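If you read the protein sequences in the order shown, they are chains W and H.
One point on numbering: in the working numbering, the residue at position 235 of the first sequence is 235, and numbering is uninterrupted.
One point on numbering: in the working numbering, the residue at position 185 of the second sequence is 446, and numbering is uninterrupted.
Glycine residues also receive a C-beta, built at the ideal position from the N, C-alpha and C atoms.
Source: prediction; values computed, not measured.
Protein chains: 2
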Amino acid sequence: MPELPDLTVYAENLAKALTGKKVHEVAYHQRGKLNVSEAELSNAVAGAAVTGVERAGKQVAFRFGNGNIVRVHLMLTGGFVLSDSAKRDRLGYLVLTVTFEDGSVLAVTDEKGWASVTLNPGTEKDAPDALAVTEELLEQLCRKKPKTLIKPLLLDQALIGGIGNAYADEILWAARISPKSPAGKLPSEAVRALADAIPRVLQDAIAELRTRHPDMVSGEYREFLKVHRPELKTSPTGAKVIKENVQSKRTYYTEEQRLYQ
Amino acid sequence: MPELPDLTVYAENLAKALTGKKVHEVAYHQRGKLNVSEAELSNAVAGAAVTGVERAGKQVAFRFGNGNIVRVHLMLTGGFVLSDSAKRDRLGYLVLTVTFEDGSVLAVTDEKGWASVTLNPGTEKDAPDALAVTEELLEQLCRKKPKTLIKPLLLDQALIGGIGNAYADEILWAARISPKSPAGKLPSEAVRALADAIPRVLQDAIAELRTRHPDMVSGEYREFLKVHRPELKTSPTGAKVIKENVQSKRTYYTEEQRLYQ
DNA sequence: GGCCCTAACAACGA
DNA sequence: CTCGTTGTTAGGGC
């Protein structure tokens, strides 16, 4: 549920809270997915200090002083909780808990148990991040996947990292492009507008979240979205918001968005 | 274009014309597909006598005295020509020519160059032949592919060998089953009717062709088809023939055919 | 009208 | 609302 802007602010706040702390112990609670054994994970990070926390696509990466990296993907319903040892047993739906030497605790929770934890992921296969999208990259992707609809293309994590269902709609509205346009049919002006909208919409949302929810490390806040909101009847410019499934994904858009085909 | 009944009669006539003849030489004309080198093919059949010619699915198999088998798939536009050395250079669109010691020539021609020639194909992967379909087999296939529409199922050469687009329509009309029925929805009466219709419709067509075109080794003759004919307005029983694409295949059917779903 | 390969899509489970 | 995997389908090339 959290998307790139939320995850970016989570990472900032987790970095602030955890950088410099040394890991006392790690516990994996048999929920979610883990790419190594609990013992391996423990060996890798116990005793190490957190040196940074960053977003990577839709994941949050924890960097440790000994070079190890742990990435967490929250999937649909996961979240982070900052707590302390005294309250550790009351967090519920635990996927992972990291206890630091000062007694503080970082927990990954997920009621569905789908959140994934990855020790030292191969970084080579990471797609370009959405915040770094350029017109050239986008042009190239549209040429390579001419028949894919533009919304599914934006959502494909193998092509661009970080865009989820809600912000895909926001971005396409900002660029005034219909989600149902085949990527190959976008003229270069549209590609330029889209390349422009992607980092802009996301950065704007990040700024909103920093102001509105300065300490967030979980949850989603979408009260400022312009079209992807169930209760909205019209866009900021007064066009009726159409609610429709595009390739099995709930999609909000308006007639202001041009369908190229 | 030729389908099972045509190919069956081709094989009979080719057997009559060629059985006992010894191959003098084989020439492959760089069109079509060949699974071995021209030299290998030549080594395999030069000097050998034809011992039989049979249809195998949509292919025609030439059997030689030394145990080798050559299968020809005519695809959309291929054909056989029986000729003699004197005329060999005027056949056009040549895929393969086989010259016999008596001077006669068998040519495989194909204007599109898609016809394929296979030396000693693995026979283990051949699906049951359409003429040998039983109610049990068909029941089994419908259970295994419940969501596949019955017409595409009949056309799948990995399941049943030999049925092409035109005769699939003829068979389904004979069984009074809509081509758009999912295979899994056919009740056992319908499966029985279909299992019955498959060999019957094909055998009837073979009989027609033997009478009408006793020497055919190429070309297609469909003047006796009951629904799959562009010029027909109604079926023999007076129902309007509907022309429609089913799974990208031109399909002719009538309202007499029940849609199970 | 034939077949094969690939890309796009849908459905299901975790 | 996410990401796999699997099976089906549509399209282009030969």
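Check whether the Cβ atoms of residue i and residue j lie closer than 7 Å to each other.
i: alanine 388 (chain H); j: alanine 427 (chain H); result: no
i: glutamate 220 (chain W); j: proline 2 (chain W); result: yes
i: leucine 131 (chain W); j: leucine 202 (chain W); result: yes
i: proline 475 (chain H); j: alanine 444 (chain H); result: no
i: serine 181 (chain W); j: isoleucine 160 (chain W); result: no
i: glycine 340 (chain H); j: serine 479 (chain H); result: yes
i: valine 72 (chain W); j: valine 117 (chain W); result: yes
i: valine 356 (chain H); j: aspartate 345 (chain H); result: no
i: leucine 14 (chain W); j: valine 45 (chain W); result: no
i: isoleucine 265 (chain W); j: proline 5 (chain W); result: With chain W covering 1 to 261 only, the question about residue 265 (chain W) has no answer from this structure.
i: leucine 8 (chain W); j: arginine 55 (chain W); result: In the sequence as presented, leucine is not what sits at residue 8 (chain W); that position holds threonine. Yes.
i: alanine 115 (chain W); j: leucine 153 (chain W); result: no
i: leucine 41 (chain W); j: valine 26 (chain W); result: yes
i: glycine 423 (chain H); j: aspartate 390 (chain H); result: yes
i: valine 60 (chain W); j: threonine 19 (chain W); result: no
i: isoleucine 246 (chain W); j: valine 227 (chain W); result: Position check: residue 246 (chain W) holds valine in this sequence, whereas isoleucine was assumed. Going by C-beta atoms, valine 246 (chain W) is not nearer than 7 Å to valine 227 (chain W).
i: tyrosine 253 (chain W); j: leucine 186 (chain W); result: no
i: alanine 429 (chain H); j: leucine 455 (chain H); result: no
i: valine 191 (chain W); j: glutamate 136 (chain W); result: no
i: lysine 282 (chain H); j: phenylalanine 361 (chain H); result: yes
i: leucine 119 (chain W); j: valine 36 (chain W); result: yes
Around the Cβ of residue i, are there at least 16 other Cβ atoms within 10 angstroms (buried) or fewer (exposed)?
i: leucine 337 (chain H); result: exposed
i: asparagine 66 (chain W); result: exposed
i: arginine 351 (chain H); result: exposed
i: arginine 238 (chain W); result: Note that residue 238 (chain W) corresponds to glycine in the displayed sequence, not to arginine. Classification of glycine 238 (chain W): exposed, given that the 10 Å Cβ count is below 16.
i: phenylalanine 485 (chain H); result: exposed
i: lysine 58 (chain W); result: buried
i: alanine 300 (chain H); result: exposed
i: glutamine 291 (chain H); result: exposed
i: threonine 358 (chain H); result: buried
i: glutamine 518 (chain H); result: buried
i: glutamate 12 (chain W); result: buried
i: proline 497 (chain H); result: exposed
i: threonine 472 (chain H); result: exposed
i: proline 440 (chain H); result: buried
i: glycine 425 (chain H); result: buried
i: threonine 234 (chain W); result: exposed
i: threonine 251 (chain W); result: buried
Please state the DSSP three-state secondary structure of residue i.
i: serine 496 (chain H); result: coil
i: tyrosine 271 (chain H); result: helix
i: glutamate 101 (chain W); result: coil
i: alanine 288 (chain H); result: strand
i: lysine 282 (chain H); result: coil
i: proline 230 (chain W); result: coil
i: glutamate 385 (chain H); result: helix
i: proline 2 (chain W); result: coil
Who are residue i's beta bridge partners in DSSP?
i: glutamate 244 (chain W); result: W:Thr251
i: valine 342 (chain H); result: H:Ala368
i: leucine 94 (chain W); result: W:Thr109
i: leucine 520 (chain H); result: According to DSSP, which records beta bridges pairwise, leucine 520 (chain H) is partnered with nothing at all.
i: leucine 380 (chain H); result: H:Val331
Complete runs of the alpha helix (DSSP H) confined to the stretch 127 to 165 of chain W [at least 4 residues]
135 to 144, 150 to 155
Going along the chain, which unbroken runs of the alpha helix (DSSP H) with 4 or more residues stay wholly within the stretch 34 to 78 of chain W?
With a minimum length of 4 residues, the continuous alpha helix (DSSP H) runs that stay inside the stretch 34 to 78 of chain W are 38 to 45.
Residue ranges of each alpha helix (DSSP H) within the stretch 161 to 226 of chain W, 4 or longer:
165 to 175, 188 to 212
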